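S.K.: Residues 1 to 493, numbered by the UniProt record's numbering, are exactly what the sequence shown covers, in order.
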Amino acid sequence: MAPTYLPFEEPGAITLLIYSSFLLFLNGLNYILNKFLFCGLVGQILLGVCYGVPGTNWLSKHSQESIMELGYIGLLLMVYEGGLSTSFNVLKANIHIALLVAFTGVSLPIALSFSIIGYSNATPVAAFAAGAALSSTSLGASFTVLLTSGFKQSRVGIILTSAAVLDDIFGLVMIKIISNLGDGSFNAISVIRPVFVSIALIVIVGVVAKFFMLPFALWFRKQKRTFPRILRILLKTKKYYFVLHTIALIGLITGATYAGASNLTAAYVFGAALSWLDETIISVEFESEAKEEKFNFNQGSMTNNLESPITEFSIDINGKEKFENYDQELIFTGSEVFDEFYSQVMNKILQPFFFASIGFSIPITQMFIGRLIWKGFIYALVMIVSKFACGLWLIRFKDEKNKFSIQNLYPTSMLGLAMVARGEIGFLISSLAEAKGVFSPNSEPKEGSSDIYIIVTWAIVLCTFLGPVCVGFLVRRIKKLVSLDKHPLGIWG
Numbered sequence: 001m002a003p004t005y006l007p008f009e010e011p012g013a014i015t016l017l018i019y020s021s022f023l024l025f026l027n028g029l030n031y032i033l034n035k036f037l038f039c040g041l042v043g044q045i046l047l048g049v050c051y052g053v054p055g056t057n058w059l060s061k062h063s064q065e066s067i068m069e070l071g072y073i074g075l076l077l078m079v080y081e082g083g084l085s086t087s088f089n090v091l092k093a094n095i096h097i098a099l100l101v102a103f104t105g106v107s108l109p110i111a112l113s114f115s116i117i118g119y120s121n122a123t124p125v126a127a128f129a130a131g132a133a134l135s136s137t138s139l140g141a142s143f144t145v146l147l148t149s150g151f152k153q154s155r156v157g158i159i160l161t162s163a164a165v166l167d168d169i170f171g172l173v174m175i176k177i178i179s180n181l182g183d184g185s186f187n188a189i190s191v192i193r194p195v196f197v198s199i200a201l202i203v204i205v206g207v208v209a210k211f212f213m214l215p216f217a218l219w220f221r222k223q224k225r226t227f228p229r230i231l232r233i234l235l236k237t238k239k240y241y242f243v244l245h246t247i248a249l250i251g252l253i254t255g256a257t258y259a260g261a262s263n264l265t266a267a268y269v270f271g272a273a274l275s276w277l278d279e280t281i282i283s284v285e286f287e288s289e290a291k292e293e294k295f296n297f298n299q300g301s302m303t304n305n306l307e308s309p310i311t312e313f314s315i316d317i318n319g320k321e322k323f324e325n326y327d328q329e330l331i332f333t334g335s336e337v338f339d340e341f342y343s344q345v346m347n348k349i350l351q352p353f354f355f356a357s358i359g360f361s362i363p364i365t366q367m368f369i370g371r372l373i374w375k376g377f378i379y380a381l382v383m384i385v386s387k388f389a390c391g392l393w394l395i396r397f398k399d400e401k402n403k404f405s406i407q408n409l410y411p412t413s414m415l416g417l418a419m420v421a422r423g424e425i426g427f428l429i430s431s432l433a434e435a436k437g438v439f440s441p442n443s444e445p446k447e448g449s450s451d452i453y454i455i456v457t458w459a460i461v462l463c464t465f466l467g468p469v470c471v472g473f474l475v476r477r478i479k480k481l482v483s484l485d486k487h488p489l490g491i492w493g
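Listed below in structure tokens is the structure:
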């Protein structure tokens with residue numbers, strides 16, 4: 001007979017020490033490395049290697065699986081926060097660059113991956129699968145680097161997040177293709193479905209936000225003074241917006257997942273739509289009030305002059321005061337709600353769990369074979385170059401002289417290096433290819449991992465470590481220049 005309840009048992013001292021030290025070290029390493037290098041995630045990945053199956057295996061298998069699942073919630077929240085920090089004016093002006101960056105970040109790794117045939121026993125299909133794994137960009141690493149460095153709302157930050165999300169959509173398609181390659185069959189519907197569902201998701205959310213949510217929100221705010229007092233009090237609390245945003249976020253992620261789209265795409269799109277909605281509501285209502293005041297001023301109303309003398313200067317002051325008061329009373333924006341309710345649990349628990357779970361996936365004991373180490377390093381170098389090339393789209397030349405400016409180096413390097421980290425999706429695609437026998441010669445499974453899988457794993461690990469570390473050093477340099485009143489990012493800041 002199956003048990004009807006779980007008996008409560010006091011955990012032992014060793015268990016408590018393991019879990020408490022794991023949580024403390026995750027946050028302690030993150031703080032220290034972020035303070036000096038802005039790459040705390042590297043320490044968390046290493047800690048995952050140490051505590052998980054690849055290392056000491058102090059955490060039980062069930063615990064590691066639970067941490068992996070909770071960590072994925074942390075990834076969803078990181079991507080959602082990235083959407084909330086998106087400025088649509090900046091995105092609209094740079095969407096063409098984001099598309100070029102995303103295309104480069106996918107096509108170059110796949111094209112250059114065929115070089116692996118020259119120094120391994122890889123087949124063309126295995127080389128394609130390796131390139132598919134290395135064409136992904138770690139959303140978690142990208143968003144974490146931007147958040148810790150403070151560049152999440154810069155032009156280069158917006159371009160990076162947009163390109164990373166597009167790469168994620170492509171990565172989902174690659175999962176379907178690799179799965180079909182292993183099964184020896186192609187199903188066109190299963191391959192193209194994620195693409196069209198993701199595009200449909202973006203279009204539908206945009207249409208609903210612009211033609212339904214925005215008019216309703218503006219009407220709702222105008223009519224709120226007529227609502228019952230209890231309802232008005234409720235609308236002034238952040239808890240109301242927290243519940244509203246959470247229900248919508250969960251609903252969209254669930255719907256997108258069952259429809260065949262990436263749940264990460266759904267989280268980003270909802271965050272971006274909410275950011276646009278907040279910005280537009282504030283802009284529309286503030287402009288409306290400014291026009292009304294200007295009209296009253298032009299009418300020269302004696303009553304208004306007596307009660308509140310208006311000059312061009314006072315219009316600006318009043319406008320600013322109105323905007324400040326409006327911003328406090330008006331709505332609790334998605335970013336404010338996130339900071340209040342999500343931020344702490346994400347930063348202290350869920351995000352560290354996510355990066356630790358990446359460490360659980362690294363087969364460290366199988367990687368140190370002499371003939372595979374140098375091949376892994378060579379392939380990693382090729383893959384670093386393939387992603388670093390994405391930053392070349394930010395290069396701008398000096399007018400008629402057409403000379404390269406040294407200032408191009410900072411935004412170009414920052415974007416290129418931030419795209420280098422592979423992470424979660426890369427491990428997922430490579431693990432699937434290994435499980436399906438795509439990496440094994442003649443698709444014959446054998447004991448242990450295949451050579452191609454170990455080489456690809458080396459590349460993913462090195463890229464995931466080196467990318468954030470290099471960005472961290474670069475950010476330190478940029479912040480130092482900013483403190484000296486210089487503008488190293490130029491137009492991309």
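Backbone N, C-alpha and C fix where the C-beta goes; we use that ideal spot for every residue, glycine too.
Just so you know, these numbers come straight off a predicted model, no measurement behind them.
1) Taking the Cβ atom as the reference point for each residue, do K348 and S179 lie within a distance shorter than 8 Å?
2) What does the alpha-carbon distance come out to for the pair D278 and V106?
3) Go ahead and pull the three-state DSSP assignment for V53.
4) Within the segment 98–168, note down every full alpha helix (DSSP H) run reaching 4 residues or more, in order along the chain.
5) Can you list, in chain order, the stretches of the alpha helix (DSSP H) that have 4 or more residues and sit fully within the segment 347–379?
6) When you compare only the Cα positions, how much space is there between F211 and F270?
7) Measuring alpha carbon to alpha carbon, tell me which of L46, I159, L100, S87 ends up nearest P411.
8) Going straight from the alpha carbon of R69 to that of L76, what length do you get?
9) For the segment 193–202 against the segment 246–265, are there 3 or more C-beta pairs whose distance is under 8 Å?
10) Distance, Cα to Cα, K224 vs S85?
11) If the criterion is Cβ atoms closer than 8 Å, does the pair V456 and A141 meet it?
12) Taking the alpha carbon of R371 as the reference point, which residue from P468, L41, E10, I452 has its own alpha carbon closest?
13) What does the Cβ neighbour count give for Q64, buried or exposed, with the cut at 16 atoms within 10 Å?
14) Return the residue from the list F88, L166, S413, K61 that minimises the CA-CA distance to L264.
15) What's the C-alpha gap between V173 and T161?
16) Please state whether DSSP places K236 in a helix, a strand or coil.
17) Helix, strand or coil, according to DSSP, for F439 in the structure here?
18) Could you give the residue range of the alpha helix (DSSP H) that holds K35?
19) Have a look at E307 and D339 and give me their C-alpha separation to the nearest angstrom.
20) For D485, which of helix, strand or coil comes out of DSSP?
21) Compute the Euclidean distance between the alpha carbons of R193 and L484, then round it to the nearest angstrom.
22) Return the residue from the list W458, F170, I97, W276 that minimises the CA-CA distance to A217.
23) Out of curiosity, what's the CA-to-CA distance linking Y379 and A459?
24) Under 8 Å between the Cβ atoms of F143 and G82?
M.R.: Short version:
1) Translated into positions along the sequence shown, residue 348 becomes position 348. Translated into positions along the sequence shown, residue 179 becomes position 179. Note that the C-beta distance between K348 and S179 is not below 8 Å.
2) Translated into positions along the sequence shown, residue 278 becomes position 278. Translated into positions along the sequence shown, residue 106 becomes position 106. Going by the C-alpha atoms only, they are around 33 Å apart.
3) The residue given as residue 53 occupies position 53 in the sequence shown. Here V53 sits in coil by DSSP.
4) As summarised for the segment 98–168, the continuous alpha helix (DSSP H) elements at least 4 residues long and confined to that stretch are 124–134, 139–149, given in chain order.
5) Here the runs fully enclosed are 351–360, 364–367.
6) By one-based count along the sequence shown, residue 211 stands at place 211. By one-based count along the sequence shown, residue 270 stands at place 270. Straight-line spacing of the CA atoms in F211 and F270 works out to 15 Å.
7) Taking the sequence shown and counting its residues from 1, the one referred to as residue 411 is at position 411. Out of L46, I159, L100, S87, I159 has the C-alpha closest to the C-alpha of P411.
8) Against the sequence shown, residue 69 aligns to sequence position 69. Against the sequence shown, residue 76 aligns to sequence position 76. One detail in the question is off: residue 69 reads as Glu in this sequence, not Arg. Counting only the Cα atoms, L76 lies some 11 Å from E69.
9) They touch, by the three-pair rule.
10) Here residue 224 refers to the residue found at position 224 when the sequence shown is read from its first residue. Here residue 85 refers to the residue found at position 85 when the sequence shown is read from its first residue. Put simply, the backbone Cα of K224 is about 28 Å away from that of S85.
11) Taking the sequence shown and counting its residues from 1, one reaches residue 456 at position 456. Taking the sequence shown and counting its residues from 1, one reaches residue 141 at position 141. Taking 8 Å as the Cβ cut-off, V456 and A141 do not qualify as a contacting pair.
12) On the sequence shown, position 371 is the one that residue 371 refers to. Closest in alpha carbon position to R371, among P468, L41, E10, I452, is I452.
13) Against the sequence shown, residue 64 aligns to sequence position 64. Q64 is classed as buried because its beta carbon has at least 16 other beta carbons within 10 Å across all chains shown.
14) Walking along the sequence shown from the start, residue 264 turns up at place 264. The shortest C-alpha separation from L264 is found at L166.
15) Your numbering for residue 173 matches position 173 in the sequence shown. Your numbering for residue 161 matches position 161 in the sequence shown. Each residue's Cα considered, the two are about 19 Å apart.
16) As a working mapping, residue 236 is identified with position 236 in the sequence shown. In the structure shown, K236 sits in coil (DSSP, three-state: anything other than H, G, I, E or B).
17) Locating residue 439 in the sequence shown gives position 439, counting from the first residue. Assignment of F439 by DSSP, reduced to helix, strand and coil, places it in the coil class.
18) Against the sequence shown, residue 35 aligns to sequence position 35. From DSSP, the alpha helix (DSSP H) with K35 extends over 13–36.
19) Indexing the sequence shown from 1 puts residue 307 at position 307. Indexing the sequence shown from 1 puts residue 339 at position 339. Low per-residue confidence applies at E307: pLDDT is 48, beneath 50, and the placement is therefore not dependable, though the value from the model is reported in the following sentence. Whole-angstrom Cα-Cα distance: 40 Å.
20) Counting from one through the sequence shown, the residue named residue 485 turns up at place 485. For D485, the secondary structure class from DSSP, reduced to helix, strand or coil, is coil.
21) Reading the sequence shown from its first residue, position 193 is the one you call residue 193. Reading the sequence shown from its first residue, position 484 is the one you call residue 484. In this model, R193 and L484 are separated by some 51 Å (Cα to Cα).
22) In the sequence shown, residue 217 corresponds to position 217, counting from 1. Ranking W458, F170, I97, W276 by Cα distance to A217 puts W276 first.
23) Taking the sequence shown and counting its residues from 1, the one referred to as residue 379 is at position 379. Taking the sequence shown and counting its residues from 1, the one referred to as residue 459 is at position 459. Going from the Cα of Y379 to the Cα of A459 covers about 6 Å.
24) Numbered from 1 along the sequence shown, position 143 holds the residue referred to as residue 143. Numbered from 1 along the sequence shown, position 82 holds the residue referred to as residue 82. In contact: F143 and G82 (Cβ atoms closer than 8 Å).
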